[in-house]
Each structure stands twice: as structure tokens, then as C-alpha cells.
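If you read the sequence shown in numbering that gives the first Met the number 0, its first letter stands for residue 0, the second for the next number, and so on.
For glycine and all other residues, C-beta sits at the position ideal for the given N, C-alpha and C.
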Amino acid sequence: MKGPRSGGIFSRHVKRHPGLVPLIGFISVGLGSAVLYLARLALYSPDVSWDRKNNPEPWNKLSPTDQYKFLAVSTDYKNLKKERPSF
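So this is what it looks like as C-alpha cells:
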């Protein structure tokens, strides 16, 4: 059990080694962006089905103009036409 002094140890260590501040910053930004990207995949991806009773196949409800990829370099989703049957 470290108690309430554990935060003080961290701040004293950073004060002794100021070169760690950018490293801690970059690691924090990287971890934060990874968590946000995973949350985006879990919430907005058509491959993930959280509600199997009401929406068992969410990929069938997507229209051709829905952009579900994070970055679409050469595809313009607004001009696509529906070429598949409706179920």
C-alpha cells in the first residue's frame, strides 16, 4: 500500500528528469487516440452487433452512400448506386 504519497513521488521524479515530460505526453496522446479509435470501431462499425434481438444483421441496413470506413481515399460514397437486393 503506497498511500496518498504516490502522486508526490511521480511529480518529484518528473521534476528531477524534465526530459520525461515529452515522452509522457506522446505516450498519453498515443494511448488516448488508440482508445478513441477502438471506441469508434465498437460503436459505429457495421461489423459489430451490440443488439442481436432488434438488429441481428446491421450491415443489411446500410445504404450504399453510408461511409463506414475511417478514411476513403478514392471512393466517393455520394455517387454510388444500390446494386444489391433489399431484404
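Own chain, CB closer than 7 Å to residue i, minus 5 neighbours either side, in chain order
| i | result |
| --- | --- |
| residue 20 | 13 |
Distance, residue j Cα to residue i Cα
| i | j | result |
| --- | --- | --- |
| residue 48 | residue 54 | 7 Å |
| residue 42 | residue 22 | 30 Å |
| residue 35 | residue 44 | 13 Å |
| residue 11 | residue 24 | 17 Å |
| residue 40 | residue 15 | 40 Å |
Residue i - DSSP class collapsed to helix/strand/coil
| i | result |
| --- | --- |
| residue 16 | coil |
| residue 52 | coil |
| residue 9 | helix |
| residue 44 | coil |
| residue 0 | The predicted model places residue 0 with a pLDDT of 48, which falls under 50 and marks its position as unreliable, so this point remains unresolved. |
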